[in-house]
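Trainee:
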Amino acid sequence: MFKKILFATTGTPSCDAAARVAFEMAKRYNTELFIINIFGIPSRSFSQVITDLRTGDEIDLHDDQLAKIKNKLERRYKQQIRDYNTPHEIVLTDGIPHTEILRAARKNEIDLIVMGARTSTQENTGAVNRHIVGRTLQSVARSARCPVLIIGRAAASFWGGISNIVFGTDFSKGSNQAFEFAFNLTKMFNASLHIFHAIDISSGPFEFTKNQEVIEDRIREVRGMIRKRYISKMEGYNDYEIDVWEGIPYVEIVKYARESFADLIVMAHHTKKMAPPEESVFGSNVEQVVLRSNAPVISVNHPARQKKIDNQ
Amino acid sequence: MTKKIMIVDDDPVIVKYLENIFKNSGYKTCVARDGSEGMKIVKKENPDLITLDLEMPEEWGPRFYRKLSKEKPFKNIPVIVISGLSGNQYAIHKAVASLTKPFDRNVLLKIVKDTIGE
């Protein structure tokens, strides 16, 4: 299922949890690992001067500088490279980070992109502290043709294998694609699949939030929908749970994942537009789950969008 | 009655070190080398507290904890995570404490004493 994994890193401690997941997955599932670092943005066309993405300084790009950056990256992941002994390739490039990550993913026919949600190392400005995901992650998750595995917190790191997968559905078309992916993963890992839906009572009609019987009727209805839409496609695979809770969807998913000891959460990412950071304080459900969850999140793109991207 | 502490760790040096600390402080000990052995030993020994490493060859600590928390008679046994892994405080959110190797024996003993008494 995964032959090639692309790990996008800034080479800073903020990506350490994502690194652990990337290396562990590459080793356990015998995949080739590409480690990509976009170190700077060109200052002007055909210029050798780039703006360092970490420091903001302008640096003159020459071979020595490149070797220095590569060396620094290798030093950062030296122990993992040695311990995991997995086939890997370091890709260094300058450019707009999300464009280069997507380009590398396309070029190398990547099956899974792994990245952290937290891109800034500055405590007071980092994405997690502002409760929004970084621009790079937003753009990659929206446009990648392969699933994107996102590690939002150190807590969402790799803790010894994948045996519990939570699939969070909102019954959208994108969720159908995400289910297919989650189920294939479940079979591959011989895991338990937890199919979960949260009934949003934060923005429904008053009658709906006032009356618990209405909510519980809806819960029964949704359980039926899950059976019809997903369980019927599981070819007799019976290691699964169906759970429907009411509340604020992203909060309930995070709570459910914690209580069911999820190793992985799979969700569809189908936000159509990218909100400016100041407006996306609460972001989409998947983005909020990424930032808050104890488990890594795999964001699966809408099939139509994947098709469109593939045709480009 | 003497309290019993179960040590789950694959490193024999750490196991010996922890055994000495606990025995010298008047606790009984039992040992499991990884998570899968851990469940058998828990059922046999019914310990009062467990010290748990995270990264082990056969079965990692979090997996062991997951199984433990499904077993009604054992799910409330307090667990102290002792690991060299970075971010170990996030691995088991119901652990009473998380210590990073190398750790201060006095800190460990204080946590043990506060949790299960002497």
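Going line by line, the protein sequences match chains A and B.
Take the first sequence: its position 295, counted from the start at 1, is 305 in the numbering used here, and no numbers get skipped.
Take the second sequence: its position 27, counted from the start at 1, is 784 in the numbering used here, and no numbers get skipped.
The beta carbon of each residue, even a glycine, is placed where N, CA and C say it ideally should be.
Could you work out which residue in B:E802, B:N803, B:S793 is closest to B:Y822 when comparing CA atoms only?
Mentor: The residue labelled residue 822 of chain B in the question sits at position 65 within the second sequence. Checked all of B:E802, B:N803, B:S793; the closest Cα to B:Y822 is B:S793.
Trainee: Am I right that A:A28 and A:T19 are in contact with their C-beta atoms under 8 Å? What's the rounded C-beta distance?
Mentor: To locate residue 28 of chain A, count along the first sequence from 1; it is residue 18. To locate residue 19 of chain A, count along the first sequence from 1; it is residue 9. Rounded, the Cβ-Cβ distance is 7 Å, consistent with contact.
Trainee: Check this for me: beta carbons of A:S102 and A:F49, under 8 Å apart or not?
Mentor: As a first step, residue 102 of chain A must be located in the first sequence, where it is residue number 92. As a first step, residue 49 of chain A must be located in the first sequence, where it is residue number 39. Per the sequence shown, the amino acid found at residue 102 of chain A is Leu instead of Ser. In this structure, A:L102 places its C-beta atom within 8 Å of the C-beta atom of A:F49.
Trainee: Quick one, are the C-beta atoms of B:K761 and B:K785 less than 8 Å apart?
Mentor: By one-based count along the second sequence, residue 761 of chain B stands at place 4. By one-based count along the second sequence, residue 785 of chain B stands at place 28. Yes. Within cutoff.
Trainee: Quick one: any contact between the region 268–281 of chain A and the region 218–230 of chain A, if contact means 3 or more CB pairs under 8 Å?
Mentor: no
Trainee: Taking DSSP as the reference, what is the three-state secondary structure of A:G162?
Mentor: For this step, residue 162 of chain A is matched to residue 152 along the first sequence. Three-state result, A:G162: coil.
Trainee: If you measure beta-carbon to beta-carbon, which residues of the region 822–850 of chain B are closer than 9 Å to chain A?
Mentor: Y822, R823, S826, L842, S843, G844, Q846, Y847, A848, I849, H850
Trainee: Could you tell me which residues DSSP puts in a beta bridge with A:V299?
Mentor: Taking the first residue of the first sequence as 1, we reach residue 299 of chain A at position 289. According to DSSP, which records beta bridges pairwise, A:V299 is partnered with nothing at all.
Trainee: Hey, A:A305 and A:A166: beta-carbon distance below 8 Å or not?
Mentor: By 1-based counting over the first sequence, the position of residue 305 of chain A is 295. By 1-based counting over the first sequence, the position of residue 166 of chain A is 156. Contact flag set, yes.
Trainee: Within the present structure, is the beta-carbon of B:E815 separated from the nearest heavy atom of the ligand SAH by less than 7 Å?
Mentor: As for the ligand SAH, it is missing from this structure, which has no ligand bound.
Trainee: Let me confirm a value: B:E875 is counted as buried when at least 16 other C-beta atoms fall within 10 Å, else exposed. Which label applies?
Mentor: As a working mapping, residue 875 of chain B is identified with position 118 in the second sequence. B:E875 is exposed by the Cβ-count criterion.
Trainee: In chain order, what residues of the same chain have a beta carbon less than 6 Å from the beta carbon of A:H108, not counting five sequence neighbours either side?
Mentor: One-based indexing of the first sequence puts residue 108 of chain A at position 98. Once the five neighbours on either side are set aside, the close Cβ partners of A:H108 are T146, S149, V150.
Trainee: Kindly indicate if chain B contains any beta-carbon less than 8 Å away from that of A:G170.
Mentor: Here residue 170 of chain A corresponds to residue number 160 of the first sequence, with the count starting at 1. It does; some Cβ of chain B falls within 8 Å.
Trainee: Under 8 Å between the Cβ atoms of B:I837 and B:I868?
Mentor: Here residue 837 of chain B corresponds to residue number 80 of the second sequence, with the count starting at 1. Here residue 868 of chain B corresponds to residue number 111 of the second sequence, with the count starting at 1. Yes. Within cutoff.
Trainee: Ignore the nearest five residues each way along the sequence and tell me which others in A:V254's own chain have a CB closer than 7 Å to its CB.
Mentor: The residue labelled residue 254 of chain A in the question sits at position 244 within the first sequence. Excluding positions up to five away in sequence, the list reads H207, I209, I229, V232, R233.
Trainee: Alpha carbon to alpha carbon, how far is A:S242 from A:Y250?
Mentor: Within the first sequence, numbered from 1, the residue matching residue 242 of chain A stands at position 232. Within the first sequence, numbered from 1, the residue matching residue 250 of chain A stands at position 240. Taking the straight line from one Cα to the other gives about 12 Å.
Trainee: Fully enclosed by the region 99–123 of chain A, which alpha helix (DSSP H) runs are 4 residues long or longer?
Mentor: 107–117
Trainee: With distances taken Cα to Cα, identify the nearest neighbour of B:K800 among B:E816, B:E812, B:N781, B:K827.
Mentor: The count along the second sequence starts at 1 and reaches residue 800 of chain B at position 43. Checking every option, the nearest Cα to that of B:K800 belongs to B:K827.
Trainee: Hey, A:V310 and A:I160 are a contact pair by Cβ (cut 8 Å); roughly how many whole angstroms apart?
Mentor: If you number the first sequence from 1, residue 310 of chain A lands on position 300. If you number the first sequence from 1, residue 160 of chain A lands on position 150. Contact doesn't hold; Cβ gap of about 11 Å is too wide.
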